[in-house]
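K.L.:
Residue numbers for the sequence shown, in UniProt numbering: 1 to 363.
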Amino acid sequence: MSSTDEKTIPLLTPYTMGKFYLSHRVVLAPLTRQRSFDNVPQPHAILYYSQRTTKGGLLIAEATGVSDTAQGYPHTPGIWTKEQVEAWKPIVDAVHAKGGVFFCQIWHVGRASNYDFQPNGQAPVSCTDKSHGAKYSPPRRLKTEEIPDIVNDFRIASRNAIEAGFDGVEIHGANGYLLDQFMKEHVNDRTDKYGGTLENRCRFPLEVVEAVVNEIGADRVGIRLSPFPSYMESADLKLEALGLYMAESINKYGILYCHVVQPRMKLVGKKVETPQSLLPMRKAFNGTFMVAGDYDRVDGNKSIAENYADLVAYGRWFLANPDLPRRFELDAPLNNYVRETFYVPDPVRGYVDYPFLESAFEL
Ligand SMILES: Cc1cc2nc3c(=O)[nH]c(=O)nc-3n(C[C@H](O)[C@H](O)[C@H](O)COP(=O)(O)O)c2cc1C
1 MSSTDEKTIP
11 LLTPYTMGKF
21 YLSHRVVLAP
31 LTRQRSFDNV
41 PQPHAILYYS
51 QRTTKGGLLI
61 AEATGVSDTA
71 QGYPHTPGIW
81 TKEQVEAWKP
91 IVDAVHAKGG
101 VFFCQIWHVG
111 RASNYDFQPN
121 GQAPVSCTDK
131 SHGAKYSPPR
141 RLKTEEIPDI
151 VNDFRIASRN
161 AIEAGFDGVE
171 IHGANGYLLD
181 QFMKEHVNDR
191 TDKYGGTLEN
201 RCRFPLEVVE
211 AVVNEIGADR
221 VGIRLSPFPS
231 YMESADLKLE
241 ALGLYMAESI
251 NKYGILYCHV
261 VQPRMKLVGK
271 KVETPQSLLP
281 MRKAFNGTFM
291 VAGDYDRVDG
301 NKSIAENYAD
311 LVAYGRWFLA
321 NPDLPRRFEL
331 DAPLNNYVRE
341 TFYVPDPVRG
351 YVDYPFLESA
361 FEL
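1. For A309, I'd like the list of residues in its chain whose CB is within less than 7 Å of its CB, leaving aside the five on either flank, ordered along the chain.
2. Could you give the DSSP three-state label for W88: helix, strand or coil?
3. So A313 is in the alpha helix (DSSP H); what residue range does that whole segment cover?
4. Comparing the CB of P74 with every heavy atom of ligand 1, is any distance shorter than 7 Å?
5. For A87, which residues of its own chain have a beta-carbon under 6 Å away from its beta-carbon, when the five flanking residues on both sides are left out?
6. Just mark residue 386 as buried or exposed, buried being the case when its beta carbon has 16 or more other beta carbons within 10 Å.
7. Give me, in chain order, the residues of the same chain whose beta-carbon lies closer than 7 Å to that of A63; leave out the 5 immediate sequence neighbours on both sides.
8. Could you check what DSSP says for W80 in three-state terms: helix, strand or coil?
9. Taking the straight line between their C-alpha atoms, what separation do you get for I250 and E358?
10. Express the C-alpha separation of K193 and V151 in angstroms, rounding to a whole number.
11. Note down, one range per segment and in chain order, each beta strand (DSSP E) of at least 3 residues found wholly within the segment 46-70.
12. List, from N- to C-terminal side, the beta strand (DSSP E) runs of 3 residues or more that fit wholly inside the segment 10-40.
13. Would you give the residue range spanned by the alpha helix (DSSP H) that F328 belongs to?
14. Tell me the DSSP bridge mates of C258?
15. Counting pairs of Cβ atoms below 8 Å between the segment 337-354 and the segment 311-324, do you hit three or more?
16. What first and last residue would you give for the beta strand (DSSP E) that runs through G99?
17. Buried or exposed: which applies to T191, given that a residue is buried once 16 or more other Cβ atoms fall within 10 Å of its Cβ?
18. Kindly list the residues whose CB is nearer than 6 Å to the CB of S226, restricted to its own chain and excluding five residues on each side of it in sequence; keep chain order.
19. Once the 5 residues before and after K243 are set aside, which same chain residues still bring their CB inside 6 Å of it?
20. Mind checking D189: buried by the 16 CB within 10 Å criterion, or exposed?
21. Do R25 and L311 have their C-beta atoms within less than 8 Å of each other?
22. Is G99 closer than 8 Å to K55 when the C-beta atoms are compared?
23. Please state whether DSSP places F182 in a helix, a strand or coil.
24. Helix, strand or coil: how does DSSP classify S303 here?
25. For A235, count the other beta carbons within 10 Å of its own beta carbon; 16 or more makes it buried, fewer makes it exposed. Which is it?
26. If the criterion is Cβ atoms closer than 8 Å, does the pair F117 and Q71 meet it?
27. Please tell me whether, using a cut-off of 7 Å, the distance from the CB of Q105 to the nearest non-hydrogen atom of ligand 1 is below it.
28. Report the residue from A247, A157, A61 and P90 whose alpha carbon sits nearest the alpha carbon of S67.
29. Report the option in R159, W317, R201 and E340 whose CA atom is closest to the CA atom of W80.
30. Return yes when at least one heavy atom of ligand 1 lies under 7 Å from the C-beta of T341, else no.
31. In chain order, what residues of the same chain have a beta carbon less than 7 Å from the beta carbon of R155, not counting five sequence neighbours either side?
32. Measure the Cβ-Cβ separation of F103 and V208 and say whether it is below 8 Å.
33. Would you say Y295 touches ligand 1, meaning its beta carbon is less than 7 Å from a heavy atom?
34. With 16 as the cutoff for other CB atoms within 10 Å, does D180 come out buried or exposed?
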């Protein structure tokens with residue numbers, strides 16, 4: 001290895017993702033911040049996202065509801081009304097003004113909701129009528145003939161995201177929300193064509209992919225998956241098969257990227273090493289492969305250097321360090337994140353007041 005090679009920081013090397021030129025590989029992971037009052041993005045998000053923008057950097061916006069049944073938390077943004085689309089525009093413009101590439105994560109929570117968040121206090125919808133724990137209201141099982149309507153909500157949301165100026169969308173198929181509920185055997189107890197076999201459980205998520213691709217073009221579509229987490233048991237070959245099946249199936253639609261949460265994120269906020277690897281999915285998928293889940297500078301660089309991934313998404317570190325790529329470049333210390341302010345509605349505290357390097361670190 002030459003001395004220049006030794007100095008190269010893999011995370012800070014450029015990468016071409018379809019028609020997007022990325023100047024580095026440090027991606028802002030989608031982060032719900034619950035500061036979009038009444039589901040409408042607010043002007044304070046302009047500063048928040050532009051602080052985290054670099055020229056040629058990729059940002060993924062927080063999970064954004066596709067319809068009025070998609071919500072499960074207070075003050076999360078939506079993209080199904082004209083008002084919401086208009087409210088996103090100045091935020092997207094600010095990211096573009098600094099040369100960022102901005103994708104919108106489109107989302108339906110399914111049964112991770114309760115009556116308070118649903119139109120007319122109705123039951124949340126899901127693939128099942130099995131409850132999800134005390135925090136949530138019992139869901140209503142979607143009828144087979146209702147599923148195309150939800151697919152259509154994703155299609156319209158993707159159209160709206162492009163109308164708002166986003167460069168593309170990330171379909172939220174991870175973390176126990178509606179698409180993941182359909183995919184996971186221990187949640188999906190349907191007996192129609194959307195349940196039972198692996199192929200049937202993946203049918204609805206793949207119909208969403210197809211509809212969104214037909215609407216805005218495959219070169220603007222990514223998907224986030226978490227085949228392994230949320231399953232509090234040890235290695236499971238069935239979950240490996242699920243990840244692989246999805247990677248192979250989305251190849252057929254030629255989508256831009258596949259973003260996968262590490263198997264080690266089994267417990268919220270805690271890394272647990274597992275024998276499972278995303279390598280089979282990485283090898284199977286033809287497009288850009290992005291990983292997330294408790295990455296730091298060292299193992300992010302390692303993943304890129306070893307070609308385990310093309311891009312690494314950072315959640316909590318990017319939340320607390322608006323200039324994370326710069327800090328990685330200099331190997332500078334990082335601000336710690338303050339968990340207590342992750343989800344508070346404060347438009348400043350814990351949101352746009354994390355210091356930049358210049359003020360936090362003397363060079
Ligand atoms: C405050 C917070 C909000 C999050 N919101 C979302 C979200 O909207 N969509 C999503 O797919 N994941 C969400 N996640 C998960 C992150 O995108 C990421 O996968 C997770 O934090 C692990 O990465 P990290 O260790 O770099 O933080 C959230 C995580 C945190 C801490």
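The beta carbon of each residue, even a glycine, is placed where N, CA and C say it ideally should be.
The structure presented is a predicted model; accordingly, all values stated were derived computationally and were not measured.
P.N.:
For this structure:
1. The sequence position of residue 309 within the sequence shown is 309, counting from 1. The residues are R282, F289, M290, V291 and S303.
2. Sequence index remark: in the sequence shown, residue 88 carries index 88 (1-based). The answer is helix: DSSP assigns W88 an H, G or I state.
3. Within the sequence shown, residue 313 is the residue found at index 313, counting from 1. Not the alpha helix (DSSP H): A313 falls in the beta strand (DSSP E), residues L311 to Y314.
4. Locating residue 74 in the sequence shown gives position 74, counting from the first residue. Result no, Cβ not under 7 Å from ligand 1.
5. Sequence index remark: in the sequence shown, residue 87 carries index 87 (1-based). Counting only Cβ-Cβ distances below 6 Å, and skipping sequence neighbours, we find V40 and P41.
6. Outside the shown range of the chain, which is 1 to 363, sits residue 386, and nothing can be said about it.
7. Start at 1 with the first residue of the sequence shown, and residue 63 comes out as number 63. Excluding sequence neighbours, A63 sits near P30, T32, T76, Q105, W107 and H172.
8. Numbered from 1 along the sequence shown, position 80 holds the residue referred to as residue 80. W80: coil per DSSP, three-state reduction.
9. Taking the sequence shown and counting its residues from 1, one reaches residue 250 at position 250. Taking the sequence shown and counting its residues from 1, one reaches residue 358 at position 358. Computed Cα separation, rounded: 43 Å.
10. Counted from its first residue, the sequence shown places residue 151 at position 151. Counted from its first residue, the sequence shown places residue 193 at position 193. Those two C-alpha atoms are separated by around 15 Å.
11. 58-60
12. 15-17, 20-22 and 26-28
13. In the sequence shown, residue 328 corresponds to position 328, counting from 1. F328 -> alpha helix (DSSP H) spans L324 to L330.
14. Here residue 258 refers to the residue found at position 258 of the sequence shown. Answer by DSSP bridge pairing, in chain order: I223 and F289.
15. yes
16. Taking the first residue of the sequence shown as position 1, residue 99 is located at position 99. Careful: G99 lies outside any beta strand (DSSP E) and carries neither H nor E.
17. Position 191 of the sequence shown, counted from the start, is the residue given in the question as residue 191. Looking at its Cβ environment, which holds fewer than 16 other Cβ atoms inside 10 Å, T191 is exposed.
18. On the sequence shown, position 226 is the one that residue 226 refers to. Closer than 6 Å at Cβ, skipping near neighbours: A174, N175 and V261.
19. Within the sequence shown, the letter at position 243 stands for residue 243. The displayed chain sequence assigns Gly, not Lys, to residue 243. Taken in chain order, the residues that qualify are P227 and M281.
20. Position 189 of the sequence shown, counting from 1, holds the residue named residue 189. By the neighbour-count rule (16 or more Cβ atoms within 10 Å), D189 is not buried but exposed.
21. Within the sequence shown, residue 25 is the residue found at index 25, counting from 1. Within the sequence shown, residue 311 is the residue found at index 311, counting from 1. For R25 and L311, yes; Cβs fall inside 8 Å.
22. For the purposes of this step, residue 55 is identified with residue 55 of the sequence shown, where counting begins at 1. For the purposes of this step, residue 99 is identified with residue 99 of the sequence shown, where counting begins at 1. Cβ distance < 8 Å, so K55 and G99 count as in contact.
23. For the purposes of this step, residue 182 is taken as residue 182 along the sequence shown, with counting starting at 1. Reduced to three states, the DSSP call for F182 is helix.
24. Locating residue 303 in the sequence shown gives position 303, counting from the first residue. Three-state DSSP puts S303 in a helix.
25. The sequence position of residue 235 within the sequence shown is 235, counting from 1. Model confidence at A235 stands at a pLDDT of 47, short of 50, so the residue's coordinates are unreliable and nothing is read from them.
26. Locating residue 117 in the sequence shown gives position 117, where the first residue counts as 1. Locating residue 71 in the sequence shown gives position 71, where the first residue counts as 1. Contact: yes.
27. For the purposes of this step, residue 105 is taken as residue 105 along the sequence shown, with counting starting at 1. Because some heavy atom of ligand 1 lies under 7 Å away, the Cβ of Q105 counts as near it: yes.
28. As a working mapping, residue 67 is identified with position 67 in the sequence shown. The shortest Cα separation from S67 among A247, A157, A61 and P90 belongs to A157.
29. Sequence index remark: in the sequence shown, residue 80 carries index 80 (1-based). Cα-wise, what sits closest to W80 is R159.
30. Numbered from 1 along the sequence shown, position 341 holds the residue referred to as residue 341. Answer for T341: no, Cβ out of range of ligand 1.
31. One-based indexing of the sequence shown puts residue 155 at position 155. Only A211, V212 and E215 meet the Cβ criterion.
32. Residue 103 sits at position 103 when you count from the first residue of the sequence shown. Residue 208 sits at position 208 when you count from the first residue of the sequence shown. Contact: no.
33. Here the question's residue 295 lines up with position 295 in the sequence shown. True, at least one ligand heavy atom lies under 7 Å from that Cβ.
34. Reading the sequence shown from its first residue, position 180 is the one you call residue 180. Looking at its Cβ environment, which holds 16 or more other Cβ atoms inside 10 Å, D180 is buried.
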